[in-house]
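First comes the structure, then the notes that go with it.
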Amino acid sequence: MNVLLLDNYDSFTFNLLHIIEQYVGIEVDVFRNDKIQLDDIYKYDSIIISPGPGLPHDAGILMPMLEKYKSVKKILGVCLGHQAIGLACGCRLKNLSRVLHGVSRKTVQTEEYDSLFRNIPKVFKSGHYHSWVIDRESLTPELKITALDEEGNIMAIRHVEYKMAGIQFHPESILTEYGKELIFNWLDE
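In this text, residue positions in the sequence shown follow numbering that gives the first Met the number 0: the first is 0, and each later residue adds one.
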């Protein structure tokens with residue numbers, strides 16, 4: 000499998016890369032969001048969108064890439080990437096009243112079964128580094144919630160038709176339990 004890791008200028012990108020490289024049979028290329036052309040992405044089987052600062056519309060080709068490839072590529076968005084998936088599917092973002100930076104919180108799965116969370120307990124701790132979340136009230140029918148935090152904020156989504164999922168928390172953080180397993184589950188899909 001040939002994977003593009005789209006780097007949104009985030010220091011956690013290479014923690015993600017380290018996990019991905021442990022998966023047997025993966026070839027992964029890392030490009031920053033303004034150092035690759037949209038047409039060059041067609042050659043990748045799958046795309047992982049890294050975390051990053053700011054908002055998705057300010058992240059290079061991130062939003063145009065989702066518009067072009069969301070229906071034809073397997074995509075996983077992490078933090079900023081998760082938020083971008085929400086926006087690309089018609090949702091709004093909500094600014095949290097408290098910035099979460101290096102905070103461990105409970106994450107609760109909402110689906111009886113989702114392959115992303117295969118063999119992961121229904122409730123687990125995850126690392127948070129964000130001040131924005133997908134506004135739950137704006138959720139569109141094409142997305143389903145697969146996990147929430149202890150305050151009811153959306154922590155994971157999956158597209159009902161496309162091979163696209165997002166996670167708000169950071170699986171690559173030491174604060175997240177089962178982060179490697181989660182990434183491997185996605186690669187297995």
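Think of the CB as a built atom: it goes at the ideal place given N, C-alpha and C, for glycine as much as any other residue.
Counting only runs of 3+ residues fully inside the stretch 105-153, write out the beta strand (DSSP E) ranges in chain order. Listed in chain order, the complete beta strand (DSSP E) runs (minimum 3 residues) inside the stretch 105-153 are 122-133 and 142-148.
For residue 160, three-class secondary structure by DSSP: Three-state result, residue 160: coil.
Buried/exposed call for residue 77, threshold 16 Cβ in 10 Å: Buried.
Please classify residue 82 as buried or exposed, where buried requires at least 16 other C-beta atoms within 10 Å of its C-beta. Under the 10 Å beta carbon count, residue 82 is surrounded by 16 or more other beta carbons and is classified as buried.
Between the CA atoms of residue 186 and residue 29 - distance to the nearest angstrom: Roughly 16 angstroms separates the two Cα atoms.
For residue 166, which residues from the same chain have a beta carbon less than 7 angstroms from its beta carbon, with the 5 sequence-adjacent residues on both sides left out? So the list reads 77, 81, 154 and 155, once near-sequence residues are dropped.
Pick from 100, 121 and 8 that is closest to residue 49, judged by C-alpha positions: When each option's Cα is compared against that of residue 49, the closest is 8.
Give the straight-line distance between the Cα atoms of residue 136 and residue 27, rounded to the nearest whole angstrom. The straight-line gap from Cα to Cα measures roughly 36 angstroms.
Measure from the alpha carbon of residue 138 to the alpha carbon of each residue in 21, 75, 85 and 106, then state which is nearest. Cα-wise, what sits closest to residue 138 is 85.
Thinking residue 182 and residue 18 are a contact (beta carbons under 8 angstroms), I'd like their distance in whole angstroms, please. Residue 18 and residue 182 do touch by the CB rule: their CB atoms are close to 5 angstroms apart, below 8 angstroms.
Residues near residue 127 in its chain [Cβ-Cβ closer than 6 angstroms; skip 5 each side]: Contacts found: 99, 102, 104 and 168.
Using three-state DSSP, classify residue 13 as helix, strand or coil. In the three-state reduction of the DSSP assignment, residue 13 falls in the helix class.
Across the stretch 59-74 and the stretch 31-47, are there enough close Cβ pairs to call them in contact, namely three or more that are closer than 8 angstroms? The stretch 59-74, when compared against the stretch 31-47, does touch it at the 8 angstroms Cβ threshold.
C-alpha distance - residue 69 paired with residue 36, whole-angstrom precision: Residue 69 and residue 36: Cα-Cα distance of roughly 16 angstroms.
Nearest neighbour of residue 114, chosen from 131, 188 and 75 [CA to CA]: Distance check between residue 114 and each of 131, 188 and 75 places 188 closest, using alpha-carbon atoms only.
According to the Cβ coordinates, are residue 44 and residue 73 closer than 8 angstroms? Contact: yes.
Residue 5 and residue 171: beta carbons closer than 8 angstroms? The answer is no: Cβ separation not under 8 angstroms.
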